[in-house]
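**Q** Numbering (my numbering), first residue to last: 61 to 524. Glycine is no exception: its CB is placed at the ideal position from the N, C-alpha and C atoms. Quantities reported herein were computed from a predicted structural model and do not represent experimental measurements.
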């Protein structure tokens, strides 16, 4: 190549490169390694179906998730076609004795019950969808398979046909809310350049292409299986298994850096029972996160709760006043209700994300030590008694005292001792979160909207 290169430009991380070379006069010669925008099929596919700037513009788990998501979408589209065929047969398509009015009424009832179900589910579970996006995503797809099973079964029960399709409609409406909402949460996780719209649009393009391929396959399958019920159920079973496997693989491939209650529980338990000076990696915590069943806590944690819910036979009015004094310098109050097996966290009106995380950490100490005590592993909190944290002897004594307080259900003492332990070790835990790469600017702990004021803050500011 004659002449000196004046400027070199490259399109992202691709092989498309252009050099501007001085020819010795006042002109520049352009040298391109890739002359055609769509010179290769792979390059065309990347431009059409992947977000701009891929792979730098998306999360590291993007490709693996999308591969499994493509497989599940194809399988779901095939079983959906089988269900559509069964529904059309059930409402009377091809039956001379059936009326259009009856079919219309059935369809309206199906859609109407689905709309009601959509509203109710969004009201009851809307706030939890962000906090457990992976679990709700898998739940939505499992429920979708159940709804399709109902629709395929419906024609075999003509007297119950309308009821069955209405139940199916409710299930699919829940799928729409849970699936759509959690997909938005996953898209937000995948978008790394504030390019959520682009990631979402390209995901839609990928899904459209997959559905088109499934549509072509369905056109070939439907005439073959039209009257062969055994073959229909065989295909349904095969593609449903593929669908469930792909969905499970997809959600378990997601590595989220945000902290929800399930991932925090995993981190705190590992923090207490391992000798490693390093915090568990983000990938390992996500791998251990349950995506089918909800995490089982000894005490359910209610963030942003109300003070009166703490009261039980273990708490007198004087104890509540003492609890307030105990947390006078904190921006939260933590109380244990031994009757309902719940930990209530009262948030002060000026509390921030770090305060919520500290409160949740204290609640997890109670849960982890309760779990160790109940399983006969009390005293195995090696990290707390190791050399990683200052004041090891004090922390060891505190853990022993907490076990004793848990044993005789002293709610106030549990709160008091775990607060002291939290003050000792949370700063180290928090610094480890940041250094490991966890997001600490926002958390997904499902806090309710109740906020309170106490102590000096009550006299000066009150609650707005």
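Taking the alpha helix (DSSP H) that residue 393 belongs to, which residues open and close that run?
**A** Careful: residue 393 lies outside any alpha helix (DSSP H), inside the beta strand (DSSP E) at 392–397.
**Q** Quick one: which unbroken beta strand (DSSP E) runs of 3-plus residues sit fully inside the segment 240–283? Chain order, please.
**A** Counting whole runs of 3 or more residues, the segment 240–283 contains no beta strand (DSSP E) stretch at all.
**Q** Measuring only the C-alpha atoms, how far is residue 227 from residue 398?
**A** Their Cα atoms are separated by approximately 39 angstroms.
**Q** State buried or exposed for residue 430, treating a residue as buried only when at least 16 other CB atoms are found within 10 Å of its CB.
**A** The residue in question, residue 430, is buried, as its Cβ has 16 or more Cβ neighbours within 10 Å.
**Q** Might you give, ordered along the chain, the residues of its own chain that have their beta carbon closer than 8 angstroms to the beta carbon of residue 512, omitting 5 neighbours on each side?
**A** Correct list, in chain order: 367, 393, 406, 407, 408, 409, 523.
**Q** Can you give me the start and stop residues for the beta strand (DSSP E) that residue 401 sits inside?
**A** Per DSSP, residue 401 belongs to no beta strand (DSSP E) and is neither H nor E.
**Q** Please report how far the alpha carbon of residue 208 lies from the alpha carbon of residue 139, in whole angstroms.
**A** Looking at the two C-alpha atoms, the distance is approximately 7 angstroms.
**Q** Using a threshold of 7 angstroms, state whether the C-beta atoms of residue 267 and residue 133 are closer than that.
**A** Taking 7 angstroms as the Cβ cut-off, residue 267 and residue 133 qualify as a contacting pair.
**Q** Exposed or buried, what is residue 87 when buried is set at 16 or more other beta-carbons lying within 10 Å of its beta-carbon?
**A** Looking at its Cβ environment, which holds fewer than 16 other Cβ atoms inside 10 Å, residue 87 is exposed.
**Q** Contact defined as beta carbons within less than 8 angstroms: I believe residue 192 pairs with residue 304. What is the distance between those atoms, to the nearest angstrom?
**A** No, residue 192 and residue 304 are not in contact; Cβ-Cβ is about 18 angstroms, not under 8 angstroms.
**Q** Confirm, please, whether the CB-CB distance from residue 307 to residue 504 is below 7 angstroms.
**A** Result no, Cβ atoms of residue 504 and residue 307 do not sit closer than 7 angstroms.
**Q** Find the nearest neighbour of residue 350 within the set 235, 313, 359, judged by alpha-carbon distance.
**A** Minimum Cα distance to residue 350 is reached at 313.
**Q** If you check the beta carbons only, do residue 482 and residue 416 fall under 7 angstroms apart?
**A** No, Cβ-Cβ distance for residue 482 and residue 416 is not below 7 angstroms.
**Q** DSSP three-state call for residue 447: helix, strand or coil?
**A** Interpretation of residue 447 is limited by its pLDDT of 44, a score under 50 that renders its predicted location unreliable; the figure taken from the coordinates is listed afterwards. Three-state DSSP puts residue 447 in coil, outside helix and strand.
**Q** Provide the residue(s) that pair with residue 328 in DSSP beta bridges, ordered along the chain.
**A** According to DSSP, which records beta bridges pairwise, residue 328 is partnered with nothing at all.
**Q** Can you give me the Cβ contacts of residue 259 inside the same chain, cut-off strictly under 7 angstroms, excluding the 5 residues immediately before and after it?
**A** Within the same chain, residue 259 has close Cβ partners 111, 118, 247, 250, 251.
**Q** Under three-state DSSP, which class holds residue 175?
**A** Here residue 175 sits in helix by DSSP.
**Q** From the beta carbon of residue 343, is the nearest beta carbon of chain C less than 7 angstroms away?
**A** Of the chains in the structure shown, none is chain C; there is only one protein chain.
**Q** Tell me which same chain residues have a C-beta within less than 6 angstroms of the C-beta of residue 472, skipping the five on either side of it?
**A** 379, listed in sequence order.
**Q** Measuring CB to CB, does residue 229 end up less than 7 angstroms from residue 144?
**A** Their beta carbons are not under 7 angstroms apart, which means residue 229 does not touch residue 144 by this criterion.
**Q** Helix, strand or coil: how does DSSP classify residue 361 here?
**A** Residue state, collapsed to three classes: strand.
**Q** Is it right to say residue 391 is buried, meaning 16 or more other beta carbons lie within 10 angstroms of its own, or is it exposed?
**A** Per the 10 Å Cβ criterion, buried.
**Q** Have a look at residue 361 and residue 113 and give me their C-alpha separation to the nearest angstrom.
**A** Residue 361 and residue 113: Cα-Cα distance of roughly 41 angstroms.
**Q** Applying the 10 Å Cβ sphere with the 16-neighbour rule, what's the burial state of residue 493?
**A** So residue 493 ends up on the buried side.
**Q** Taking residue 284 as the reference, give the member of 142, 354, 125, 476 with the closest Cα.
**A** Among 142, 354, 125, 476, the Cα nearest to that of residue 284 belongs to 142.
**Q** If I measure Cβ to Cβ from residue 262 and keep anything under 8 angstroms in the same chain, skipping five residues before and after, which residues do I get?
**A** Once the five neighbours on either side are set aside, the close Cβ partners of residue 262 are 109, 110, 111.
**Q** Report the three-state DSSP secondary structure of residue 110 (helix, strand or coil).
**A** Note: residue 110 maps to coil in three-state DSSP.
**Q** What's the call for residue 387, buried or exposed, on a 16-neighbour Cβ count within 10 Å?
**A** Per the 10 Å Cβ criterion, buried.
**Q** Just verifying my parser: in three-state terms, what is the DSSP assignment at residue 323?
**A** Reduced to three states, the DSSP call for residue 323 is helix.
**Q** Please state the DSSP three-state secondary structure of residue 124.
**A** In this structure, residue 124 counts as helix in the three-state DSSP scheme.
**Q** So does the segment 326–340 actually touch the segment 215–227, counting three or more Cβ pairs closer than 8 angstroms?
**A** With a cut-off of 8 angstroms, the segment 215–227 and the segment 326–340 do not count as touching, because too few Cβ pairs lie within range.
**Q** Does the Cβ-Cβ distance between residue 90 and residue 65 come in under 7 angstroms?
**A** No, the pair does not count as a contact, with Cβ atoms beyond the cut-off.
**Q** With distances taken between CB atoms, is the gap from residue 290 to residue 233 smaller than 7 angstroms?
**A** Not a contact, by the Cβ cut-off of 7 angstroms.
**Q** When DSSP labels each residue in this structure, what does residue 512 get in the three-state scheme?
**A** Correct three-state label for residue 512: strand.
**Q** Quick check on the burial criterion: 16 or more other C-beta atoms within 10 angstroms. Buried or exposed for residue 447?
**A** Caution applies to residue 447, whose pLDDT of 44 falls short of 50 and renders its modelled position unreliable; the value that the coordinates give is listed next. Under this definition residue 447 is an exposed residue.
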